[in-house]
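Below is one structure, written out as structure tokens; the observations come after it.
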């Protein structure tokens, strides 16, 4: 099937949409979602206030789309961070990937706003990270490293996301120390059937520095955005 070349108008609209997403990400990463205004996004993107609504229905809408782009970026960054492990240590691959996500969620103000609404962020993460998670889980199950209840990937995957978001929310709420990230991931691995000693060993190694990778703001998730964050 031939790839259709976008018209000039479509290309211009795509560039404007990307500028808005880039502006929203920059502002939300500095001050969080709640303290970012549509007017500030439009100003930074150098578009008119009314133009914003040609692309997004609301601040919640653009925030959800930004989050989808960030999730896709984190998934691809995790692949780069764990590529040296190849497929020989599936437990460590999952452990490092989840730890990197937990760390990002704990230090970026944009995530603080989302984690305050766990039911929404869990749904976005569950769907956005699924292609990466499905692949890594399949490797771990094939290597007998994971023992899933009834071999139910969806149950295990959903449980992982709730444990991760709930654990990070506890850190952000001051219920746990930032160092608890490792214990959160250790608990997740044990839930997946990893023996306690192996789970502890997989989460105590030095965490690699997240590789630099530009966020692809042209990414579009097939998942519908949430209706509200507050």
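In the numbering used here, the protein residues as written are 4 to 233. Beta carbons: idealized from backbone N, C-alpha and C, even for Gly.
Residue i - containing alpha helix (DSSP H), residue span
i, result
"residue 221", "Here residue 221 belongs to no alpha helix (DSSP H), and DSSP marks it neither H nor E."
"residue 25", "11-34"
"residue 156", "156-175"
"residue 40", "That residue, residue 40, is in no alpha helix (DSSP H); it is neither H nor E in DSSP."
"residue 85", "62-85"
"residue 124", "121-131"
"residue 1", "Not covered by the structure: residue 1. The range shown for the chain is 4 to 233."
"residue 102", "93-110"
"residue 178", "Per DSSP, residue 178 belongs to no alpha helix (DSSP H) and is neither H nor E."
Under 8 Å between C-beta atoms of residue i and residue j
i, j, result
"residue 20", "residue 56", "no"
"residue 109", "residue 37", "no"
"residue 29", "residue 77", "no"
"residue 149", "residue 143", "yes"
"residue 166", "residue 125", "no"
"residue 97", "residue 139", "yes"
"residue 63", "residue 222", "no"
"residue 160", "residue 193", "no"
"residue 35", "residue 112", "yes"
"residue 156", "residue 129", "no"
Between the CA atoms of residue j and residue i - distance to the nearest angstrom
i, j, result
"residue 183", "residue 73", "23 Å"
"residue 131", "residue 120", "17 Å"
"residue 33", "residue 40", "12 Å"
"residue 195", "residue 15", "46 Å"
"residue 146", "residue 13", "47 Å"
"residue 252", "residue 199", "This structure leaves residue 252 out entirely; the chain is present only between 4 and 233."
"residue 66", "residue 212", "26 Å"
"residue 220", "residue 205", "33 Å"
"residue 151", "residue 168", "20 Å"
"residue 9", "residue 47", "26 Å"
"residue 31", "residue 53", "20 Å"
"residue 229", "residue 68", "Its pLDDT being 48, under 50, residue 229 is placed unreliably in this model, and the coordinates cannot settle the point."
Cβ separation of residue i and residue j, assumed to be a contact under 8 Å, to the nearest whole Å
i, j, result
"residue 216", "residue 22", "So it is not a contact: roughly 20 Å between Cβ atoms."
"residue 71", "residue 127", "7 Å"
Is it true that the segment 176-195 meets the segment 90-104, where meeting means three or more beta-carbon pairs spaced less than 8 Å apart?
Three or more beta-carbon pairs separated by less than 8 Å link the segment 176-195 to the segment 90-104, which places the two stretches in contact.
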